[in-house]
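Colleague: Before I ask anything, here is the structure I am working with.
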């Protein structure tokens, strides 16, 4: 079914609670593992319907944040979601305490029960008011970012539509664009500070009510870190500082020489060639058509997937004034349908949607066929391997999108991916600092960010920009407000994606088989075990980062 034709009717909490409690009661009264699993399959049907309806509302709100109907639906679900989470934990607790747990574990797997344990550790009914406030604050931040109206040559552009001007080959145009971009953030600086301060204190209070010292531990549980901890993450970040940052700085120096500059400035951050970055050729419709050709040739599995996406119009990718910034893939379980949301803006990022977000969607399409719903519940460091690796698997079709500048795009993409890892680790360490010290003032948070810039991105020069030079760059990073501790997942995944890049350069077919196996494993096993099972090194292992850098250096001479 096409997304536009999918029916929508508000999920009323009273009805959900009644049906959910019937399922919980039936589960508790079951007299065998077989009976409990039969009830659990009824739970699948019920939860899929609720999740699909709420997701439809969320997508339609993001498509137009000025839509009054879906704005009210979003506000309603912000209030309802924590109450629904309470029912979910009650059901999960019954599963966890089941006398037939060994039978259920045989059906849905050990990973599922570890995730249930983390879910129980991360929620209590008393947190509902705080979680409702947290949802409202995150929605307020997203609406604030989406509200940007930047005057540009007679037009009013949002932040996403400013991207082509921020990467223009003319440095004077870039500077003007950054001045206007920064001016928007400066104009809402106080509100950004207020929202984040309230979020940090809210999440800290949730943690303390659960008996934790601060939000770091609770945040890890909520991210379902089921096979590694903050000590392992810290060691990974230290490896990045020791080995990856020096490599990245050499890479930035080569970029400076290529651009013919005496010194790199923040306005040059995303520019890779003197004549400008390669941009995709053709209209958005032609880009989508090129994507369909690529996936039809890549494999039978990808052809089936992309044809399904196109037939059912499961994309909303055109940038619009009142559309939420950013991009994502989400899933509509009733229809077995991934959905991709993005903001095309005429840059290479448009093609990244066809590769990155489709990597997520392809895996979601495959795992959606698994009758065990828990196997869909992949953790984010695994999910991002699917997307970031697909970016590399798609390189054989780059000419379809970039024509004569296909090689430039490949070079830019590799450099950009490598430059990201220090930044991503910086975002992660910043969040550890912010939540370990919840009483920091906005000024102290900005100072902490600037100190981290010296460690992770020593080349960065914000000149005298009134917002960014004061340490405000992180406030444009939506993940920091919306999904605490998510960002390190990108870094871990990129480390694995680079390994796939090396594999496919050696034997593309074998690399694809490994990737397909990883997609099909989904959440059947733990992350640290799965990467080894498909022939990758765990990013947490000493030596992995050095090995990745050696391979990257051979490609960037």
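In this note's numbering, the protein residues as written are 1 to 557. Glycine residues also receive a C-beta, built at the ideal position from the N, C-alpha and C atoms. Since we're looking at a predicted model, the values are computed, not measured.
Give every residue of the same chain whose Cβ lies closer than 8 Å to the Cβ of residue 612, excluding the five residues on either side of it in the sequence, and list them in chain order.
Modeller: Because residue 612 is not part of the residues shown, which for the chain are 1 to 557, the question remains open.
Colleague: Excluding five sequence neighbours on each side, which residues of the same chain lie with their C-beta closer than 6 Å to the C-beta of residue 516?
Modeller: The answer is none, since no qualifying residue turns up.
Colleague: For the candidate residues 326, 258 and 152, whose alpha-carbon lies nearest to that of residue 477?
Modeller: Among 326, 258 and 152, the Cα nearest to that of residue 477 belongs to 326.
Colleague: Assuming residue 374 is part of the beta strand (DSSP E), what are its boundary residues?
Modeller: That residue, residue 374, is in no beta strand (DSSP E); it is neither H nor E in DSSP.
Colleague: In chain order, which alpha helix (DSSP H) runs of at least 4 residues are fully inside the region 76 to 148?
Modeller: Counting only runs of 4 or more, we get 101 to 108, 110 to 121 and 128 to 146.
Colleague: From residue 277 to residue 415, what distance separates their C-alpha atoms?
Modeller: Rounded to the nearest angstrom, the two C-alpha atoms are 12 Å apart.
Colleague: Could you say which of 348, 359 and 350 lies nearest to residue 329 if we only look at CA atoms?
Modeller: For the residues 348, 359 and 350, the minimum Cα distance to residue 329 belongs to 359.
Colleague: Work out the CA separation of residue 474 and residue 548 for me, nearest whole Å.
Modeller: Computed Cα separation, rounded: 27 Å.
Colleague: So, is residue 32 buried or exposed, given that buried needs 16 or more other C-beta atoms within 10 angstroms?
Modeller: Exposed is the call here.
Colleague: Taking the straight line between their C-alpha atoms, what separation do you get for residue 388 and residue 356?
Modeller: About 6 Å.
Colleague: Over what stretch of residues does the beta strand (DSSP E) that includes residue 315 continue unbroken?
Modeller: Start and end: 315 to 318.
Colleague: Does DSSP put residue 483 in a helix, in a strand, or in coil?
Modeller: If DSSP states are grouped into helix, strand and coil, residue 483 belongs with coil.
Colleague: In whole angstroms, what is the alpha-carbon distance linking residue 505 and residue 94?
Modeller: Rounded to whole angstroms, residue 505 to residue 94 spans 49 Å at the Cα level.
Colleague: When the Cα of residue 384 is compared with those of 88, 519, 292 and 233, which residue comes out closest?
Modeller: Per the Cα distances, 519.
Colleague: What do you get for residue 110, buried or exposed, if any count of 16 or more other CB atoms within 10 angstroms of its CB means buried?
Modeller: It is exposed - the Cβ of residue 110 has fewer than 16 other Cβ atoms within 10 Å.
Colleague: Do the region 151 to 158 and the region 96 to 107 meet, that is, are 3 or more Cβ pairs less than 8 Å apart?
Modeller: In short, these stretches do not touch, since the Cβ pair count stays below three.
Colleague: Are there 16 or more other CB atoms within 10 angstroms of the CB of residue 429, so buried, or fewer, so exposed?
Modeller: Its Cβ being crowded by 16 or more others within 10 Å, residue 429 is buried.
Colleague: Look at the alpha carbon of residue 314 and the alpha carbon of residue 341, and state the distance between them as a whole number of angstroms.
Modeller: In a straight line, the C-alpha of residue 314 is about 9 Å away from that of residue 341.
Colleague: Would residue 348 be called buried (16 or more neighbouring beta carbons within 10 Å of its own) or exposed?
Modeller: With 16 or more other Cβ atoms within 10 Å, it is buried.
Colleague: Does DSSP classify residue 567 as helix, strand or coil?
Modeller: Absent from the structure is residue 567, since the part of the chain shown begins at 1 and ends at 557.
Colleague: Does the region 433 to 447 come close enough to the region 195 to 206 to have 3 or more Cβ pairs within less than 8 Å?
Modeller: Judged by Cβ distances under 8 Å, the region 433 to 447 makes contact with the region 195 to 206, as three or more pairs qualify.
Colleague: With respect to the beta strand (DSSP E) encompassing residue 343, which residues constitute its N-terminal and C-terminal limits?
Modeller: Start and end: 337 to 344.
Colleague: Where residue 223 and residue 404 are concerned, what is the direct C-alpha to C-alpha distance, given to the nearest angstrom?
Modeller: Whole-angstrom Cα-Cα distance: 42 Å.
Colleague: Would you please state the rounded distance, in angstroms, between the beta carbons of residue 65 and residue 269? I believe it to be under 8 Å.
Modeller: Incorrect: roughly 27 Å between the Cβ atoms, too far for contact.
Colleague: The beta strand (DSSP E) that contains residue 329, what's its start and end?
Modeller: 328 to 332 is the span of the beta strand (DSSP E), which, as asked, contains residue 329.
Colleague: Bridge partners of residue 155, per DSSP?
Modeller: Beta-bridge pairing links residue 155 to 152.
Colleague: Please confirm whether residue 529 and residue 381 have their CB atoms less than 9 Å apart.
Modeller: Contact: no.
Colleague: First and last residue of the alpha helix (DSSP H) that includes residue 179?
Modeller: From DSSP, the alpha helix (DSSP H) with residue 179 extends over 171 to 187.
Colleague: With respect to 8 Å, is the separation between the Cβ of residue 57 and the closest non-hydrogen atom of the ligand FAD below this value?
Modeller: Within the structure as shown, the ligand FAD is missing, as the structure has no ligands at all.
Colleague: Pull up the distance between the alpha-carbon of residue 132 and that of residue 482, whole angstroms please.
Modeller: If I take the Cα positions, the gap works out to 13 Å.
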